Amino acid sequence: MGAQIQNIITSGTFSLDGGTWEVDNNVWIIGDDSEVFVIDPAHDPEKIREAVGDRAVKAVLLTHGHDDHIRYAREFAEAVAAPVFLNPADQMLWEDVFPGTTADHEIKDGDTFEVAGTTLVALHTPGHSPGSTCFHVPDLDTLFSGDTLFNGGPGATGRSHSSFETIIDSIRERLLTLPGHTVVNTGHGDGTTIGAEAPALEKWVKNGK
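Residue numbering for the sequence shown follows the working numbering, starting at 910 and increasing by one per position.
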């Protein structure tokens, strides 16, 4: 049996630019009965650790550096003895939470991560943040989109270090080129597919929002 995907929803807060909001985050576990990657272990390290069980965590993969996604990443990673990966373009966001430090390893566009005979490919998709990165899993026809693409349109770009024009370019050039049946596992809320989001993107482009 190849890699399987598991979803955990955790609740906490997101803070940026002087504001704080209650949020629910999707945490994703991908692997098999012996080893996994954990993507964005938000808010509740113990709940996520219980879901992992006795499986080895090869790495913690972060889609971007906003505090709801990373604040508990180090605590979780230390608990399971795993390294943390982050695109260095989000270093300033990382330092907002962990001053004077860096993640254990950098994620670069095109990097691959293998687990349970399945490969995740890092796609750099700036816009929501400079270092926002999605993980494409061709074998499973799946994309982990972080906060770059949601059910209904692109991620938010109204706060510091974000750009609407950039996120639209990222989605159009890096994500809408994937097969339409590709399942999109998002950072928050319900999933979608690439094909379902193509009309939504055109609406956002037309309205300029």
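For glycine and all other residues, C-beta sits at the position ideal for the given N, C-alpha and C. Computed from a predicted structure; not experimentally measured.
With distance defined between alpha-carbon atoms, name the residue in the options nearest to residue i.
i, options, result
"V932", "T922, V1046, I938", "T922"
"I938", "A912, W930, D926", "A912"
"I918", "E1106, G1096, T1102, E1023", "G1096"
"G928", "Q915, D977, E959", "D977"
"V966", "A1105, V993, I1103, S1041", "V993"
"D963", "H975, E944, E955", "E944"
"K956", "V989, S1038, D941, R1081", "V989"
"R1081", "D942, S1072, A1107", "A1107"
Assuming the contact rule is C-beta atoms closer than 8 Å, residue i and residue j should be a hit. Round their C-beta distance to whole Å, please.
i, j, result
"A951", "V969", "Not a contact, Cβ separation roughly 11 Å."
"G1040", "P997", "7 Å"
"W930", "G974", "In fact, because the Cβ distance is near 17 Å, the residues do not count as touching under 8 Å."
"I914", "L1049", "7 Å"
Rounded to whole angstroms, what is the Cα-Cα separation between residue i and residue j?
i, j, result
"L1084", "E987", "32 Å"
"W1113", "G1062", "7 Å"
"D953", "H1070", "26 Å"
"N916", "H1045", "16 Å"
"D1005", "A982", "14 Å"
"S924", "T1101", "26 Å"
Is it the case that the Cβ atoms of residue i and residue j are separated by a distance below 8 Å?
i, j, result
"V1030", "L1058", "no"
"G1026", "T972", "no"
"P1035", "T1066", "no"
"L1087", "L1052", "yes"
"L1032", "T1021", "no"
DSSP beta-bridge partners for residue i?
i, result
"A1031", "F1044"
"S924", "T929"
"Q915", "I938"
"L970", "I948, F994"
"P1063", "L1058"
"L1049", "Partner(s): none; L1049 has no beta bridge."
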